[in-house]
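This report concerns only the one structure given below.
Numbering (this note's numbering), first residue to last: 157 to 339.
As structure tokens, then:
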């Protein structure tokens with residue numbers, strides 16, 4: 157009986173501890189998901205599902221993404237319930253469902269596009285402001301965090317490198333705004 161209780165306790169540790177709502181960032185017009193925080197809230201692992209309506213992409217897109225972020229510092233703001241995280245760095249990967257080549261059949265040779273149309277990876281840089289909510293009945297600390305992230309991806313970065321005279325860093329940067337609720 158003791159072993160079963162111990163095993164049950166370990167599984168519970170991997171349940172999502174926060175939910176995320178995000179707009180932009182190259183992972184959907186609107187994305188929702190959940191995640192875990194480790195190392196005293198310095199390391200976040202999030203899984204999100206995003207959506208882009210057909211009127212904005214030619215066809216409706218569903219985007220699944222995983223993001224890992226590390227925030228080395230959190231600064232309390234006075235004696236208030238606010239805390240500021242000046243820097244968070246990380247990496248994300250995404251897979252887009254629903255993409256299709258809208259060109260005519262046989263218009264391009266099979267190896268014409270050297271990049272994947274569905275998979276992207278890239279760095280993330282951001283910051284956040286958190287507000288401590290009353291503790292949950294279980295005693296767990298709860299927080300509401302607003303954040304922004306600047307990101308790019310492999311295709312944008314390579315395109316920038318090959319076309320530095322035509323592209324600028326703002327051309328290859330995406331902006332995400334989001335809310336994270338820890339429970």
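All C-beta atoms in this analysis are idealised placements derived from N, C-alpha and C, irrespective of residue type, glycine included. Remember, it's a predicted structure, so these values are computed and weren't measured experimentally.
TODO: With DSSP as the reference, please indicate the residues paired to residue 298 in a beta bridge.
DONE: 289
Open item on the list: Taking the alpha helix (DSSP H) that residue 213 belongs to, which residues open and close that run?
Closed with: 210-213
Open item on the list: Using CA atoms only, rank isn't needed, just tell me which of 207, 339, 273, 335 is closest to residue 293.
Closed with: 339
Open item on the list: For residue 276, count the other beta carbons within 10 Å of its own beta carbon; 16 or more makes it buried, fewer makes it exposed. Which is it?
Closed with: buried
Task: Whole-number beta carbon distance between residue 189 and residue 176, since they are thought to touch under 8 Å - done: 5 Å
TODO: Note down the Cα distance separating residue 218 from residue 235, rounded to an integer number of angstroms.
DONE: 42 Å
Task: Complete runs of the alpha helix (DSSP H) confined to the stretch 186-229 [at least 4 residues] - done: 210-213
TODO: Please state whether DSSP places residue 332 in a helix, a strand or coil.
DONE: strand
Open item on the list: Here's a check: name, in chain order, each residue in its chain whose Cβ is nearer than 8 Å to the Cβ of residue 283, leaving out the five neighbours to either side.
Closed with: 240, 241, 242, 243, 244, 303, 304
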